[in-house]
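In full-length UniProt numbering, the protein residues as written are 1 to 112. Ideal Cβ positions, reconstructed from N, Cα and C, are used throughout, including at glycine. Quick notes on the structure that follows.
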């Protein structure tokens, strides 16, 4: 569950979404991303660190440069398999809320 929360938290920032969009089409180094987004290199490095910790991107060394790209497997795993875990973990509490909202269905309805 923590991995799912980390995944969605990493997606909760406009700059990180812009970075992911750029990396979805090509590998890029931090300086290229920084130039395209007109943001400082330390700021972009910070966002890349968060994305990497969440498993959303991977990096490869290309000579003296480190190139970043999308981790397609992470997106597939989260969006296909682990959503079931989220749904299951919330299903029972949601069911209880629905039952409380509709007492006639669960037999808790009292007619005076």
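{"Item": "Residue 115 vs residue 59 beta-carbon contact at 8 Å", "Value": "Within the shown structure, residues of the chain are numbered from 1 to 112, placing residue 115 beyond reach of any answer."}
{"Item": "Delimiting residues of the alpha helix (DSSP H) encompassing residue 35", "Value": "30-37"}
{"Item": "Burial state of residue 30, where buried means 16 or more other Cβ atoms lie within 10 Å", "Value": "buried"}
{"Item": "Buried/exposed call for residue 48, threshold 16 Cβ in 10 Å", "Value": "buried"}
{"Item": "Contact with chain D by residue 40, beta-carbon distance below 8 Å", "Value": "The structure shown contains no chain D; it holds only a single protein chain."}
{"Item": "Coarse secondary structure for residue 73, derived from DSSP in three states", "Value": "helix"}
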